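Trainee: Going by this note's numbering, 527 is the number at position 136 of the sequence shown; the sequence numbering is gapless.
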Amino acid sequence: MPLRAGIIGAGFIGAVHARAVHTLGQDLAAVAASTPARSREAAAELGARTAVDSAEELAAAPDIDVVHVCTPNALHAPLTRIALDAGKHVVLEKPVGTSSAEVADLVRRWRDTDRVVAVPFAYRFYPVVREVRDRVRGGPVRLIHGVYLQDWLSRDSDTNWRVQAGLGGPSRAFGDIGVHWCDLAEFVTGQRIARVHAVLPRVVPVRAGVEVDTEDAALLQFETEQGVFGSAVISQISPGRRNQLQLRIDTPDTEYAFDQQDPEVLWMGGREETRILHRGDPALGADATSRNLVPAGHPQGYLDSFTGFIADAYAAMRGEKPDGLPTLADGARATAITEAVLNSAARRDWVEVTPG
């Protein structure tokens, strides 16, 4: 039996969720958007069977099995609480809450249920990412570094609800995309970030005539629990960089480099030679190979990766235990790192990440 899905929020990411639900042959039963009229429009656009007037009504609807929360950030935790209280599974966009106290309360509620709360750290689901993970796990790692660069807020006239802390939370650039980089770095290497030193520049303090209170970029240094150091540059103001997440991992013999904008290849640098491994090559391991949806030479991209995440989330809702599924615990981890980054920037010093 297909799971009956309800999606709350009909922007870009809501449409991505809807596409994955349809691709997997599940039942997109209902959609709720910002108003009843917009809900009806969204149901038609996303191919849902019905529209629901309000987010709260959909979150508690008796004929929904899984609620996808794709709203502005301030609504994430409140709607997830309603869904969990109503016995639903949840696919929850990050950040999973706007403060550590709110997230801790949500985690406590979740632990008291048998429900799945999956969080879309979907970059984990590229086959090449799984290949890097297999190759570096268990061996010595010397350095972790990279960038996550976007340009959609590079102009003074660019604005969005995320630039205001009241809707998006106290961190924008790091909280929005920096946590993706950190999740990927921890997932691939198995190294957990223990302490951070961060700077959070607000380069454009006024957008479209309105003063903003969140950062445009984050410059991050960190040390892992295992004593490995790393760095990352996070930016939403880098012209020409549409969505460039790069992760580089240095080991004694090889540097492994993954670029989300070129996800079909794994760059492997060495002193004697540099090699390029393509998704679909026979040299790929079992985990990476199992995530090939089409033969080599037929590119897979972000939507395929996201669909892989939803497939594993729904498998978990049916009682399976897929490897590497990001859950509310990973969302809480992202919140802890974000708060350490904010505290570090305020204190201009190293700050420990609260373990969890």
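Even for Gly, the Cβ is constructed at its ideal location relative to N, Cα and C.
Everything numeric in this text was worked out from a predicted model, so none of it was measured.
In whole angstroms, what separates the C-alpha of proline 531 from that of tyrosine 514?
Mentor: Stepping through the sequence shown from its first residue, residue 531 is reached at position 140. Stepping through the sequence shown from its first residue, residue 514 is reached at position 123. Distance between the alpha carbons of proline 531 and tyrosine 514: 23 Å.
Trainee: Would you mind reading off the limits of the beta strand (DSSP E) that contains isoleucine 399?
Mentor: Here residue 399 refers to the residue found at position 8 when the sequence shown is read from its first residue. From DSSP, the beta strand (DSSP E) with isoleucine 399 extends over 395-399.
Trainee: Give the C-beta separation of aspartate 721 and aspartate 574 to the nearest angstrom, bearing in mind that I take them to be a contact with Cβ-Cβ under 8 Å.
Mentor: Within the sequence shown, the letter at position 330 stands for residue 721. Within the sequence shown, the letter at position 183 stands for residue 574. Sure, about 6 Å apart at Cβ, within 8 Å.
Trainee: Only counting the same chain, and skipping five residues up and downstream in sequence, which positions put a Cβ closer than 6 Å to that of leucine 778?
Mentor: What the structure shows of the chain is the stretch from 392 to 747, and residue 778 is not part of that stretch, so it cannot be assessed.
Trainee: Using a 10 Å radius around the Cβ and a threshold of 16 neighbouring Cβ atoms, would you call threonine 471 buried or exposed?
Mentor: The count along the sequence shown starts at 1 and reaches residue 471 at position 80. By the neighbour-count rule (16 or more Cβ atoms within 10 Å), threonine 471 is buried.
Trainee: Measuring straight from C-alpha to C-alpha, what distance separates tryptophan 543 and methionine 659?
Mentor: In the sequence shown, counting from the first residue as 1, residue 543 sits at position 152. In the sequence shown, counting from the first residue as 1, residue 659 sits at position 268. Answer to the nearest angstrom: the Cα atoms are 30 Å apart.
Trainee: With contact counted as at least three CB pairs below 8 Å, one residue from each stretch, are the region 458-477 and the region 429-436 in contact?
Mentor: Inter-segment contact for the region 458-477 and the region 429-436 is absent: fewer than three beta-carbon pairs are separated by less than 8 Å.
Trainee: Please classify proline 690: is it buried, with 16 or more other beta-carbons within 10 angstroms of its beta-carbon, or exposed?
Mentor: In the sequence shown, the residue the question calls residue 690 occupies position 299. Counting Cβ neighbours within 10 Å, proline 690 comes out exposed, since fewer than 16 surround it.
Trainee: Cutting at 6 Å between CB atoms, please list the residues of its own chain near threonine 745, excluding the five before and the five after it.
Mentor: Reading the sequence shown from its first residue, position 354 is the one you call residue 745. Excluding positions up to five away in sequence, the list reads Ala727.
Trainee: Could you check which residue in Ile399, Ile455, Ala435, Val685 has the C-alpha nearest to that of proline 393?
Mentor: Within the sequence shown, residue 393 is the residue found at index 2, counting from 1. Per the Cα distances, Ile455.
Trainee: Between which residues of its own chain and proline 686 is the CB-CB distance below 8 Å, once the five residues before and five after are set aside?
Mentor: Here residue 686 corresponds to residue number 295 of the sequence shown, with the count starting at 1. For proline 686, same chain residues with a beta-carbon under 8 Å away, outside a window of 5 residues either side, are Gly671 in chain order.
Trainee: For the putative contact between leucine 534 and valine 619, defined by C-beta atoms under 8 Å, what is the C-beta separation to the nearest angstrom?
Mentor: To locate residue 534, count along the sequence shown from 1; it is residue 143. To locate residue 619, count along the sequence shown from 1; it is residue 228. Contact flag correct, Cβ pair sits at about 7 Å.
Trainee: Based on DSSP bridge pairs, tell me the residues matched to tryptophan 658.
Mentor: Here residue 658 corresponds to residue number 267 of the sequence shown, with the count starting at 1. In the DSSP output, where bridge partners are listed per residue, tryptophan 658 has Ala648, Ile667.
Trainee: Determine, using beta carbons only, whether alanine 452 and alanine 424 come nearer to each other than 8 Å.
Mentor: Along the sequence shown, read from residue 1 onward, the residue named residue 452 stands at position 61. Along the sequence shown, read from residue 1 onward, the residue named residue 424 stands at position 33. Not a contact, by the Cβ cut-off of 8 Å.
Trainee: Between glycine 699 and the rest of its own chain, which residues show a CB-CB distance below 7 Å, the 5 nearest in sequence each way excluded?
Mentor: If you number the sequence shown from 1, residue 699 lands on position 308. Result list for glycine 699: Phe516, Arg682, in chain order.
Trainee: Report the residue from Gly600, Asp476, Glu616 whose alpha carbon sits nearest the alpha carbon of glutamate 743.
Mentor: The residue you call residue 743 lines up with position 352 of the sequence shown. Checking every option, the nearest Cα to that of glutamate 743 belongs to Glu616.
Trainee: With DSSP run on the structure shown, which of helix, strand or coil describes glycine 537?
Mentor: Against the sequence shown, residue 537 aligns to sequence position 146. Three-state DSSP puts glycine 537 in a strand.
Trainee: Inspect the beta-carbon positions of leucine 611 and isoleucine 625 and report whether they are closer than 8 Å.
Mentor: On the sequence shown, position 220 is the one that residue 611 refers to. On the sequence shown, position 234 is the one that residue 625 refers to. Taking the C-beta atoms as reference points, isoleucine 625 is found nearer than 8 Å to leucine 611.
Trainee: Going along the chain, which residues of its own chain have a beta-carbon closer than 7 Å to the beta-carbon of arginine 709, five neighbours each way excluded?
Mentor: Counting from 1 along the sequence shown, the entry for residue 709 is found at position 318. There are no such residues.
Trainee: Decide if the region 473-485 is in contact with the region 498-514; the criterion is three or more beta carbon pairs, one per stretch, under 8 Å apart.
Mentor: For the pair of segments examined, the region 473-485 was found to touch the region 498-514: the number of CB pairs separated by less than 8 Å reaches three.
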